[in-house]
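In the working numbering, the protein residues as written are 2 to 201. We put the CB at the ideal spot given by N, CA and C, even for glycine. Owing to the predicted nature of the structure, the values given are computational and were not obtained by experimental measurement. Note sheet for the following structure.
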Amino acid sequence: MNPGQSLERYLPFGYLFLVVMGIVKESVLFYQIGINILKYSSIADILMSPIASLTSHPLIFIVVMTTMLLGYYFPKMVENKVHKPWVQKTMELKHVASMSKEEITKQMSKKAIQMTSVMVICVFLGMGFGEGLSNSRRIKKGEMKTEHTLVFNSGEEQEVALLNSNSQYYFYVPKDSKIVHIAPINSIKVLELTENRMLD
Numbered sequence: 002m003n004p005g006q007s008l009e010r011y012l013p014f015g016y017l018f019l020v021v022m023g024i025v026k027e028s029v030l031f032y033q034i035g036i037n038i039l040k041y042s043s044i045a046d047i048l049m050s051p052i053a054s055l056t057s058h059p060l061i062f063i064v065v066m067t068t069m070l071l072g073y074y075f076p077k078m079v080e081n082k083v084h085k086p087w088v089q090k091t092m093e094l095k096h097v098a099s100m101s102k103e104e105i106t107k108q109m110s111k112k113a114i115q116m117t118s119v120m121v122i123c124v125f126l127g128m129g130f131g132e133g134l135s136n137s138r139r140i141k142k143g144e145m146k147t148e149h150t151l152v153f154n155s156g157e158e159q160e161v162a163l164l165n166s167n168s169q170y171y172f173y174v175p176k177d178s179k180i181v182h183i184a185p186i187n188s189i190k191v192l193e194l195t196e197n198r199m200l201d
């Protein structure tokens with residue numbers, strides 16, 4: 002199997018894994034502010050969750066992509082060093098002398114997938130737990146920074162700290178409040194970004 006075929010074989014499983022990780026990350030994040038996010042998510046939101054997570058910050062995208070690329074190419078980088086103790090220990094290669102090249106390649110690929118999966122799980126869980134804990138603490142202390150203004154269909158305007166949004170709802174905390182609000186997208190006329198750090 003050439004590298005191209007191997008990559009095509011793993012891509013669907015890789016994306017499914019990222020979808021699950023996206024769901025877990027969002028669930029952990031919102032659980033800490035008392036929301037079951039799956040109740041407010043559509044199928045499209047769930048399928049797009051890994052893309053939304055990866056593109057939320059350039060550093061996150063770089064870390065996850067680098068991790069996955071290293072996991073894919075690492076076995077190829079060390080395939081000529083299988084007799085070195087550190088490679089055997091890392092790849093859990095036992096009785097190398099009696100193993101065929103195909104068996105060695107299969108074992109290294111299996112171990113690389115396991116290592117990559119663990120690292121990606123740690124990244125997504127860390128994101129969900131860290132962001133959720135930070136939001137929870139700031140809400141309790143009334144320290145949420147209002148950087149958006151919601152203009153409702155009724156004409157009412159409200160300064161808010163926008164926690165998140167999906168295809169159906171906005172999740173936010175109004176200015177000088179410690180209560181999380183959930184508003185349907187179709188009830189909002191305009192969302193204004195009143196404080197844009199990238200343009201200030």
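Proximity of residue i and residue j at Cβ, strictly below 8 Å
i, j, result
"glycine 133", "isoleucine 38", "no"
"valine 191", "valine 161", "no"
"glycine 129", "glutamate 27", "yes"
"valine 124", "valine 64", "yes"
"proline 51", "glycine 72", "no"
"tyrosine 41", "isoleucine 186", "no"
"leucine 164", "tyrosine 170", "no"
"serine 43", "serine 168", "yes"
"valine 83", "leucine 94", "yes"
"glutamate 158", "threonine 150", "yes"
"methionine 109", "proline 59", "no"
"isoleucine 252", "valine 29", "The requested residue 252 is not part of the displayed model; the chain covers only 2 to 201."
"serine 118", "phenylalanine 18", "yes"
Residues that residue i bridges to, as DSSP identifies them
i, result
"histidine 149", "Val161, Leu194"
"serine 166", "Tyr171"
"proline 185", "Tyr170"
For residue j and residue i, believed in contact at Cβ under 8 Å, the rounded distance
i, j, result
"phenylalanine 112", "methionine 92", "With the sequence shown as reference, residue 112 is identified as lysine, and phenylalanine is not the correct amino acid for it. The Cβ separation is near 5 Å, so the contact holds."
"lysine 85", "lysine 141", "Wrong, their Cβ atoms sit about 52 Å apart, outside the cutoff."
"methionine 120", "threonine 68", "5 Å"
"methionine 145", "arginine 138", "The Cβ separation is near 10 Å, so there is no contact."
Which of helix, strand or coil DSSP assigns to residue i
i, result
"proline 4", "Legend: pLDDT at proline 4 = 49, less than 50; position of this residue unreliable, value from coordinates given subsequently. Residue state, collapsed to three classes: helix."
"lysine 40", "helix"
"glutamate 80", "helix"
"threonine 56", "coil"
"lysine 179", "coil"
"methionine 109", "helix"
"lysine 95", "coil"
"leucine 12", "helix"
"isoleucine 63", "helix"
"isoleucine 114", "helix"
"glycine 143", "coil"
"methionine 265", "Because the chain spans 2 through 201 in this model, residue 265 falls outside it and cannot be assessed."
"lysine 85", "coil"
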